[in-house]
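A.B. asks:
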Amino acid sequence: MMTTTNSSKLRIGGMLVGYYRLCPRKAWLSMRGIWMEQESDTVALGRLLDEHSYDRSDKHIEINAEAPDGTPLVGKIDRANLKNGVLHETKKSRSCEDAHVWQVRFYLWLLTRNGVTRSDGSPFRGQLDYPLLRRTECITLEPEHTDELVATVSTIRALASQETPPARLLKRTFCTKCAFDELCYG
Amino acid sequence: MKKPHYLFSSGRLRRQHNTLALERATGERSPDDDPTDEGLPSVTPDGKNHPFPVETVDSLYIFGEVDINTKLITFLGQQGIPAFFYDYYGYYTATLYPRESQLSGRLRVDQARHYLSPKRRLVLARAFVESALFNIERVIKYYQPRLSGDEQLTVQKALLDLKRDRDALPLTVDIPTLMAVEGRIRDRYYRLWPYFLGTDVVARFPFNKRERRPPSNELNALISFGNSLCYTTVLRQIYRTALDPTVAFLHEPGDRRFSLALDLAEVFKPLLVDRMIFRLLKTAELTPKHFEKHLGGCYLSEAGRKIVVGHWDERLSQTVQHRTMNKRVSYERLIRLECYKLVRHLCDPVGEAYQGFHMWW
Ligand code: SF4
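Here the protein sequences come in this chain order: P and E.
If you count by this note's numbering, then the first sequence holds residues 50 to 235, one letter each, in order.
If you count by this note's numbering, then the second sequence holds residues 157 to 517, one letter each, in order.
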């Protein structure tokens, strides 16, 4: 049982789920409130993209839900097209694509748990937008994804009450692109 | 690229829309207009603005007599720009440390826990002293081959003593003992400086021992000024991390407000300060005319300070190939990496124990 105040207050968001998919250590550090200063050009570019890519309307909708184990979940959705029932998430490059995909699936899950559907009763779909690459990718939430999200949430809860950080990734290919690179290896 | 800005002129520094602007003062500054406490502006601005974009400012070094107001302080705070103040004599006086943006409650608790536990504190304090001694040894070994005769022998003996002290570090049981070891080593090390500097330099700059308040001669003034630059450089790196600069391990929180910067500065002084001093004196970039005597103390003149600061700034951007990171990093970045190592230790003192920076080149 997870009984520490630390994990009972934990709210899990889409970015954290994405981090966890990439690297549990990154998720642990960010849950500790340890962030890397956003000083690289790429991060600034990401912020710019976020602010200027699209019209500000329908942006940053916050939704809350509860996982089956009671963990509060929260999502800040980039943009949604309510009429067509599509959730959008904007990213600058596909370098961490698996994390992006799971982030969107997480948001779709939040909608499902809130009973939000399209007008015809079918579930929302997701779309990843890469404006710099002029590409989009469609995402759906299948039952096996939901199962995996449930499992991920409870693993993240366990991770949050862990005293020490998980080990660094063995393969450093991803690390060189990770903002925590210097913190882990410097 | 953000860089520290060094302001030598006096005047009024203010926010101008979203930039910083300095209005220079008319007339020279002299020690006679030392702190009068009348609440009046201490300068007469010349009415001409010299703006500089805030995006390029990492931190401010204020060597002149500068008037500031609350709006400026708020602005610097929003932009996360620390400011370091120096008095007329080039004495570091204060830091304006903006409210921290990188906060981690848990890390702060861990930091305090390491301070409060004598055992954990000692581990970190020892690591700082150990790497300071290692780096001192490195500097000595760099100069040793150029010496001969008696000097060579003295240095050899000093190295032996140093090694003995370093080997005995794991046995030290408390902070005062550690401090004493460090002090003893530094004294012994300073006594070798005349050999490293050579007879030419020593003829111009006699040096026998380290004296701080006030610095009794040119070399002591230079060491004090260099050490203060090192301290503020470390502090501005700590600011970019989630570390709490007030909680230190080797030094007591009372030693200076931001004593963690003192701890880390010990590690970097041999590389950054000491080698800079040798360089500036051996190349005669600094000569006795760059110093002034006043009230029984010795100080760098403004021209002297400019030379030191220029050299310091350049030195910080020098790069070396990092041993594990597969990229080149600047000397300044090495300090940041040291902060990160400390973060790792605080999160996991066993699995990721702090290993102080050792010069590897
Ligand atoms: S640098 Fe590598 S190990 Fe560290 S958080 Fe990033 S991905 Fe994980």
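Built from N, CA and C at the ideal position, the CB exists for glycine as well.
What first and last residue would you give for the beta strand (DSSP E) that runs through Pro215 (chain P)?
C.D. replies: Neither: Pro215 (chain P) is in no beta strand (DSSP E) and is coded neither H nor E.
A.B. asks: Is it buried or exposed, Cys187 (chain P), if we count other Cβ atoms within 10 angstroms and call 16 or more buried?
C.D. replies: By the neighbour-count rule (16 or more Cβ atoms within 10 Å), Cys187 (chain P) is not buried but exposed.
A.B. asks: When the distance is taken between beta carbons, is Gly220 (chain E) closer than 9 Å to Arg255 (chain E)?
C.D. replies: Contact: no.
A.B. asks: Could you run through the region 252–274 of chain E and flag, in chain order, every residue whose CB is less than 7 Å away from some CB of chain P?
C.D. replies: If the cut-off is 7 Å between Cβ atoms, the region 252–274 of chain E has Gln258, Leu259, Ser260, Gly261, Arg262 and Leu263 near chain P.
A.B. asks: Sort out for me which residues DSSP pairs Cys227 (chain P) with in a bridge.
C.D. replies: Looking at the DSSP assignment, Cys227 (chain P) forms no beta bridge with any residue, so it has no partner.
A.B. asks: Among residues of its own chain, excluding the 5 on either side of Arg360 (chain E), which ones have a beta-carbon nearer than 7 Å to its beta-carbon?
C.D. replies: Thr443 and Pro444, listed in sequence order.
A.B. asks: Is Phe155 (chain P) near the ligand SF4, with its Cβ less than 8 Å from a heavy atom?
C.D. replies: Because no heavy atom of the ligand SF4 lies under 8 Å away, the Cβ of Phe155 (chain P) does not count as near it: no.
A.B. asks: By the three-class DSSP mapping on this structure, what secondary structure does Glu138 (chain P) have?
C.D. replies: Glu138 (chain P): strand per DSSP, three-state reduction.
A.B. asks: Taking Leu502 (chain E) and His270 (chain E) to be in contact with their CB atoms under 8 Å, please state how far apart those CB atoms are, rounded to whole angstroms.
C.D. replies: Indeed they touch by this definition, with Cβ atoms about 6 Å apart.
A.B. asks: Out of P:Trp84, P:Gly67 and P:Ala116, state which residue places its alpha-carbon closest to the alpha-carbon of Leu59 (chain P).
C.D. replies: Comparing Cα-Cα distances from Leu59 (chain P) to each of P:Trp84, P:Gly67 and P:Ala116, the minimum goes to P:Ala116.
A.B. asks: Just curious, the beta strand (DSSP E) that Ile296 (chain E) is in, first and last residue?
C.D. replies: Where Ile296 (chain E) is concerned, there is no enclosing beta strand (DSSP E), although the alpha helix (DSSP H) it sits in stretches over Pro274 to Tyr299.
A.B. asks: Can you say whether Arg105 (chain P) is buried or exposed, counting buried as having 16 or more other CB atoms within 10 angstroms of its CB?
C.D. replies: Reliability fails at Arg105 (chain P), whose pLDDT of 47 lies under 50, so the model's placement of it is uncertain and the value that follows must be treated cautiously. That one is exposed.
A.B. asks: Determine the direct distance from the alpha carbon of Thr402 (chain E) to that of Arg322 (chain E), and round the result to whole angstroms.
C.D. replies: In a straight line, the C-alpha of Arg322 (chain E) is about 27 Å away from that of Thr402 (chain E).
A.B. asks: Assign Leu278 (chain E) to one of two classes, buried (16 or more other C-beta atoms within 10 Å of its C-beta) or exposed (fewer than that).
C.D. replies: Buried is the call here.
A.B. asks: Sort P:Ala76, P:Arg184, P:Lys125 and P:Thr195 by Cα distance to Phe22 (chain P) and report the nearest one.
C.D. replies: Residue 22 (chain P) cannot be examined here, being either before or after the span of chain P that is shown, 50 to 235.
A.B. asks: Please say whether Gly460 (chain E) and His450 (chain E) have beta carbons closer to each other than 9 Å?
C.D. replies: Contact flag unset, no.
A.B. asks: In whole angstroms, what separates the C-alpha of Glu111 (chain P) from that of Tyr68 (chain P)?
C.D. replies: Straight-line Cα distance between these residues: approximately 19 Å.
A.B. asks: For Glu286 (chain E), which residues from the same chain have a beta carbon less than 8 Å from its beta carbon, with the 5 sequence-adjacent residues on both sides left out?
C.D. replies: The answer, listed in chain order, is Arg322, Leu325 and Gly512.
A.B. asks: Could you check whether the Cβ of Tyr234 (chain P) sits closer than 8 Å to any heavy atom belonging to the ligand SF4?
C.D. replies: Yes, Cβ of Tyr234 (chain P) sits closer than 8 Å to a heavy atom of the ligand SF4.
A.B. asks: With a cut-off of 9 Å, does the C-beta of Trp151 (chain P) fall near any C-beta of chain E?
C.D. replies: Trp151 (chain P) does not count as touching chain E.
A.B. asks: Expressed to the nearest angstrom, what Euclidean distance is found between the alpha-carbon atoms of Thr54 (chain P) and Asp411 (chain E)?
C.D. replies: Its pLDDT being 44, under 50, Thr54 (chain P) is placed unreliably by the model, and the measurement read from it follows with that caveat. Approximately 36 Å, taken between the alpha carbons.
A.B. asks: Less than 9 Å between the C-beta atoms of Ile229 (chain E) and Ser215 (chain E), yes or no?
C.D. replies: In this structure, Ser215 (chain E) does not lie closer than 9 Å to Ile229 (chain E) by Cβ.
A.B. asks: Alpha carbon to alpha carbon, how far is Gly62 (chain P) from Leu208 (chain P)? Give it in angstroms, no decimals.
C.D. replies: Roughly 14 Å between the two C-alpha positions.
A.B. asks: Can a CB atom of chain E be found closer than 9 Å to the CB of Cys227 (chain P)?
C.D. replies: So no, Cys227 (chain P) is outside the interface.
A.B. asks: Please work out which residues of its chain come closer than 6 Å, Cβ to Cβ, to Gln300 (chain E), disregarding the five sequence neighbours upstream and downstream, and give them in chain order.
C.D. replies: Answer for Gln300 (chain E): Val311, listed in chain order.
A.B. asks: Note down, in chain order, every chain P residue with its Cβ under 7 Å from the Cβ of Thr480 (chain E).
C.D. replies: Tyr234, listed in chain order.
A.B. asks: Pull up the distance between the alpha-carbon of Arg282 (chain E) and that of Leu263 (chain E), whole angstroms please.
C.D. replies: Cα to Cα, Arg282 (chain E) sits roughly 21 Å from Leu263 (chain E).
A.B. asks: Can you check whether the CB of Val465 (chain E) is closer than 9 Å to the CB of Phe424 (chain E)?
C.D. replies: No, these two residues do not count as a Cβ contact at 9 Å.
A.B. asks: In chain order, what residues of the same chain lie with their CB nearer than 7 Å to the CB of Leu498 (chain E), ignoring the 5 residues before and after it?
C.D. replies: Within the same chain, Leu498 (chain E) has close Cβ partners Leu399 and Tyr510.
A.B. asks: When you compare the CB positions of Arg70 (chain P) and Pro215 (chain P), do they come within less than 9 Å of one another, or not?
C.D. replies: Taking 9 Å as the Cβ cut-off, Arg70 (chain P) and Pro215 (chain P) do not qualify as a contacting pair.
A.B. asks: Where does Phe361 (chain E) fall in DSSP's three states?
C.D. replies: It is coil, neither helix nor strand.
A.B. asks: Where DSSP assigns a beta bridge to Gly453 (chain E), which residues make up the other side?
C.D. replies: According to DSSP, Gly453 (chain E) bridges with E:His450.
A.B. asks: Which of the three DSSP states, helix, strand or coil, is assigned to Tyr253 (chain E)?
C.D. replies: In this structure, Tyr253 (chain E) counts as coil in the three-state DSSP scheme.
A.B. asks: Can you check whether the C-beta of Ser56 (chain P) is within less than 9 Å of a C-beta belonging to chain E?
C.D. replies: Confidence in Ser56 (chain P) is poor, its pLDDT being 47 and thus under 50, which makes the residue's placement unreliable; the coordinate value appears in the next sentence. Closer than 9 Å: no.
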